[in-house]
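Under the working numbering, the first residue of the sequence shown is numbered 462, with each subsequent residue one higher. Ideal placement from N, C-alpha and C gives every residue a C-beta, glycine not left out. Computed from a predicted model, the values in this text were never measured in an experiment. Here's the structure we're looking at; comments come further down.
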Amino acid sequence: MPSVLAAVMPAPRVPVEMRQFPEPALEPGSILLRTLYSEVCGTDVHLWHGRLSGVPYPIIPGHVSIGIVDKLRGAVTGVDGLRVSEGDRLVFFDVHRTCGRCRACAVTRTPTRCEARRVYGITDSANEGLFGGWAEAIYLEPGVSVARLADAVPSEAYIGGGCGLITAVHIIERAALTLGDTVLVQGTGAVGLSAVALARLAGAGRIVAIGAPADRLDLARRMGADVTIDLHLTSEAARREQVDTQTGGHGVDVAIEAAGSARAVEEGLNLIRDGGRYVIAGHYTDAGPSSIDVHRQINRKHLEIRGCWGSDVAHFVRALGLLDRHHASIPWQAIGGRAYPLPDVNDALAAAEAMRVPKALVKPN
Numbered sequence: 462m463p464s465v466l467a468a469v470m471p472a473p474r475v476p477v478e479m480r481q482f483p484e485p486a487l488e489p490g491s492i493l494l495r496t497l498y499s500e501v502c503g504t505d506v507h508l509w510h511g512r513l514s515g516v517p518y519p520i521i522p523g524h525v526s527i528g529i530v531d532k533l534r535g536a537v538t539g540v541d542g543l544r545v546s547e548g549d550r551l552v553f554f555d556v557h558r559t560c561g562r563c564r565a566c567a568v569t570r571t572p573t574r575c576e577a578r579r580v581y582g583i584t585d586s587a588n589e590g591l592f593g594g595w596a597e598a599i600y601l602e603p604g605v606s607v608a609r610l611a612d613a614v615p616s617e618a619y620i621g622g623g624c625g626l627i628t629a630v631h632i633i634e635r636a637a638l639t640l641g642d643t644v645l646v647q648g649t650g651a652v653g654l655s656a657v658a659l660a661r662l663a664g665a666g667r668i669v670a671i672g673a674p675a676d677r678l679d680l681a682r683r684m685g686a687d688v689t690i691d692l693h694l695t696s697e698a699a700r701r702e703q704v705d706t707q708t709g710g711h712g713v714d715v716a717i718e719a720a721g722s723a724r725a726v727e728e729g730l731n732l733i734r735d736g737g738r739y740v741i742a743g744h745y746t747d748a749g750p751s752s753i754d755v756h757r758q759i760n761r762k763h764l765e766i767r768g769c770w771g772s773d774v775a776h777f778v779r780a781l782g783l784l785d786r787h788h789a790s791i792p793w794q795a796i797g798g799r800a801y802p803l804p805d806v807n808d809a810l811a812a813a814e815a816m817r818v819p820k821a822l823v824k825p826n
């Protein structure tokens with residue numbers, strides 16, 4: 462039986478190691494995807510730090526990936542309505558096994574909170590097989606949402622956008638942007654950068670991005686930010702002054718937290734106008750407590766605060782449409798700073814941890 466090389470994270474803070482896996486036998490409706498690219502995002506750094514609960518180590522990381530259909534069994538139709546064939550360039554939604562019947566799925570319409578929900582590269586154990594993108598091939602079990610990537614969209618643009626783009630689609634939905642809104646984006650990682658781009662597409666009048674380091678701020682401007690503020694070179698008071706200058710002292714209409722910092726939330730509440738909206742999307746892990754004056758920072762300001770946890774298939778499909786329409790004008794490809802071969806994934810993980818690139822990529826084949 463042919464074997465597949467994969468990078469396995471045995472446990473937190475343990476070097477990722479190469480292991481051989483048997484090529485899986487395909488069930489009806491399943492696909493063996495030969496991996497072109499996978500990503501190393503902030504979640505993978507959190508996984509290596511052991512900051513996510515319930516992770517079934519050992520795992521094969523890599524929850525957003527793109528590949529070529531190597532083999533499939535039976536008839537498979539993508540969410541785009543097109544029949545999948547061997548040789549197709551395919552992408553897939555990393556969340557699978559959402560039940561569709563529980564209270565979260567059927568009553569509150571929050572499938573990202575389904576308890577049966579599993580995620581490739583995060584909550585699927587390597588002991589179960591090739592359920593992550595840091596591998597020469599990925600097993601897409603029956604029922605996984607898949608789609609052919611439009612011919613005009615470079616693979617590098619899709620993986621550069623990656624999970625950050627899909628999450629940003631959800632963020633903009635939660636933000637309920639109105640044409641001409643002033644928008645603040647806190648954090649210039651992959652999520653924040655795509656949030657900047659989509660806020661611009663959604664009709665934001667002025668966009669301010671706070672982040673670091675300098676190369677990410679430069680990319681934020683290319684993504685559509687009007688003003689960028691270096692977090693490392695300014696004080697909180699100076700940042701407040703710059704936001705006041707941009708908004709006539711009123712504060713922004715909408716703030717988007719994509720930094721994953723408890724301090725960012727404390728600061729963000731002070732930068733929003735009375736009656737404004739705050740979307741908190743960066744706290745995928747527990748960043749610790751925030752010290753908030755509920756009366757002064759929230760209630761008296763009549764703020765609307767919305768969490769944003771993960772994404773669903775609809776956000777995945779809309780992200781594909783946005784890439785098809787705007788990949789030539791929005792530099793998603795530039796977010797993927799460097800591609801690493803599979804044996805060098807520990808270097809890729811170190812680069813992501815040290816923020817040397819907006820996003821490290823893994824190129825297994």
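Residue of the options minimising C-alpha distance to residue i
i    : options                   : result
R558 : D805, V580, A565 and T538 : V580
F553 : E488, I529, A720 and P819 : I529
A675 : P819, P471, V469 and P522 : P819
N807 : A618, V477 and S464       : V477
A789 : H711, Y619, G590 and A596 : Y619
D705 : A723, R667, R683 and L694 : R667
G737 : S464, L494 and T643       : T643
P483 : P463, V469 and T496       : P463
A716 : A699, I633, S751 and G622 : I633
E697 : V506, L732 and G594       : L732
S606 : H756, G590 and S491       : S491
R550 : A821, E602, L494 and G594 : L494
I791 : S546, L662, D505 and G604 : L662
N588 : G664, P485, T639 and P603 : P485
Same chain, Cβ closer than 8 Å to residue i, neighbours up to 5 away in sequence not counted
i    : result
S586 : P517, Y518, P519, I520 and F592
E718 : Q647, G648, A725, V726, G729, Y739, V740, I741, A742, G743 and H744
Alpha-carbon to alpha-carbon, residue j and residue i
i    : j    : result
T538 : R544 : 4 Å
G648 : G535 : 44 Å
L466 : R562 : 36 Å
D612 : G798 : 22 Å
P615 : A813 : 22 Å
Q707 : D714 : 12 Å
V747 : V501 : Note that residue 747 corresponds to Asp in the displayed sequence, not to Val. Those two C-alpha atoms are separated by around 20 Å.
G503 : C624 : 10 Å
G548 : D531 : 6 Å
P750 : G582 : 28 Å
A608 : V525 : 13 Å
Y600 : M684 : 34 Å
W509 : P473 : 5 Å
G721 : S655 : 15 Å
V630 : Q481 : 36 Å
P802 : Q794 : 18 Å
L533 : A775 : 24 Å
G515 : W770 : 17 Å
A777 : I627 : The sequence shown places Phe at residue 777, rather than the Ala named in the question. If you take the alpha carbons of F777 and I627, they lie about 6 Å apart.
A468 : D773 : 27 Å
R761 : R734 : 11 Å
W595 : V755 : 43 Å
As assigned by DSSP and simplified to three states, the class of residue i
i    : result
A821 : strand
V652 : helix
D531 : strand
I521 : coil
E765 : strand
T639 : coil
I690 : strand
R474 : coil
G737 : strand
I492 : strand
F777 : helix
L551 : strand
G782 : helix
H788 : coil
Contact set for residue i: own chain, Cβ-Cβ below 7 Å, skip 5 residues either direction
i    : result
G672 : G648, T649, G653, L678, A681 and L692
C566 : T559, C560, P572 and C575
M816 : P674
A651 : C502, G623, G625, I796, P819 and K820
Own chain, CB closer than 6 Å to residue i, minus 5 neighbours either side, in chain order
i    : result
A896 : No information on residue 896 is available, as it lies outside the stretch 462 to 826 that the chain covers here.
A670 : V646, T649, V657, A681, A686 and T689
I527 : L497, Y498, V552, S616, Y619 and I620
D470 : Note that residue 470 corresponds to Met in the displayed sequence, not to Asp. The answer, listed in chain order, is V477, I520 and P522.
G768 : I741
Those runs of the alpha helix (DSSP H) which lie wholly inside the segment 564-637 and span at least 4 residues: The segment 564-637 contains these whole alpha helix (DSSP H) runs: 616-636.
Can you check the segment 693-726 for any beta strand (DSSP E) of at least 3 residues that lies completely inside it and give the ranges in chain order? Runs of the beta strand (DSSP E) lying entirely within the segment 693-726, each at least 3 residues long, are 713-718 in chain order.
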